[in-house]
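Comments concern the structure below.
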Amino acid sequence: MSKLTHKNVHNYFKLNGYHFNGKQLSQIGYSYIKEGDANDKAIGSFLLDWFDDKEYIEMTTSGTTGLPKLVRLEKQAMIQSALATGDFFDLQPGDKALLCLPVQFIAGKMMLVRSFILGLELNTVSPSTEPLALNNTFYDFAAMVPLQVQNSIEKLINVKKLIIGGAKIDSALEEKLLPLQTAVYETYGMTETITHIAAKKVGERAFSILPNVKIKKDERDCLVISVASISDEPIVTNDLIELISEKEFIFLGRIDNVINSGGVKLIPEQIEAKLIGKISNRFFVTGVPDSVLGEKLILVIEGEKQDFALDFFDILGKFEKPKEIVFVPKFKENENGKLLRKPSLG
């Protein structure tokens, strides 16, 4: 069997109900750019980029933890990522898939690539917070961000396998997903790893890595990822982990977010997990400069000021209790809908 290239399109592939080959998809791309809405234009632009003669595409990272940067992704690496996803989630030619994510970002692009390579029947809808509204089609596979999932709980009966990325699933959403017949997975990944390199079923603590991925942790206890098909060099992250085995890890939080308060290191994500369901508005904890402690832990809540009972924070450890509560009218987010902690403080 000859090696798959980015010009290959599986015989089973369909886009919105119609079979297309690579040449036809390039023509569709031109049509989308000329006549389509903003979402069609983004899809059209990617189709032209994918089926041109270059061996790579260029795109900017989402900028969740720093300034967005331009990265070059090899198309062959994206093909290998699609194959690994197909293997891990047992996707079969002819499976019906839903693209409801922005194609400007890697998650949306990879839904297209998986469909080309694996032979999926892909339906596209404009990205929205309610992607399954007015849609009764049954899908074998879909990818969403947590907010889309939250607004689609009652319609998820029409999705066989769902992957969630872009942000961590909180425990309140997880509780709603556990009783569903849908196989729901939280994914771990980033632009540099060409979307997810690990996944875990909701209810489980540890992420399991996809095929051809190797992991370890560095001296900071942060995850280091090696994927030969993506990069010759290991990808060093700022994600604190507990390494369970060579194939499993537990995500603890971002080292960038760690608060050093009076010599005690606090991981905001671990504290926030204890408060999920107790605070109705969106919130996060962070550290701000303090003349005595170096940094003091504060709780930041979106919305109008509210009062809390004296025993409200008893669920937290001694050093985890916030020294101050700050109310912010509206949190700031990046273009991908991810919360920006420090900028939200003003």
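Numbering (my numbering), first residue to last: 130 to 475. For every residue, glycine included, the Cβ atom is placed at its ideal position computed from N, Cα and C.
- Here the alpha carbons of ASN386 and VAL393 stand approximately 14 Å from one another.
- Judged by DSSP in its simplified three-state form, LEU404 adopts helix.
- Annotated three-state conformation of LYS170 is helix, per DSSP.
- Contact holds between the stretch 369-381 and the stretch 336-344, because three or more Cβ pairs, one in each stretch, are under 8 Å apart.
- For LEU199, the CB contacts under 7 Å within the same chain, skipping 5 residues up- and downstream, are GLU187 and THR189 in chain order.
- GLU449 carries a helical assignment under DSSP once its states are collapsed to helix, strand and coil.
- Shown here, THR189 sits in a strand according to DSSP, grouped into three states.
- Judged by DSSP in its simplified three-state form, THR320 adopts helix.
- Straight-line measurement puts the Cα of ASN264 at about 22 Å from the Cα of PRO308.
- Contact annotation, ILE293 with MET273: C-beta distance approximately 6 Å; criterion of less than 8 Å satisfied.
- When Cβ pairs closer than 8 Å are counted between the two stretches, the stretch 243-257 is seen to touch the stretch 133-149, the count reaching three or more.
- At a cut-off of 4 residues, the continuous stretches assigned as alpha helix (DSSP H) that sit fully inside the stretch 293-319 are 300-306.
- Going by C-alpha positions, GLU462 is about 4 Å away from LEU468.
- In the three-state reduction of the DSSP assignment, ASP178 falls in the helix class, which pools H, G and I.
- Within the DSSP secondary-structure output, ALA335 pairs in no beta bridge.
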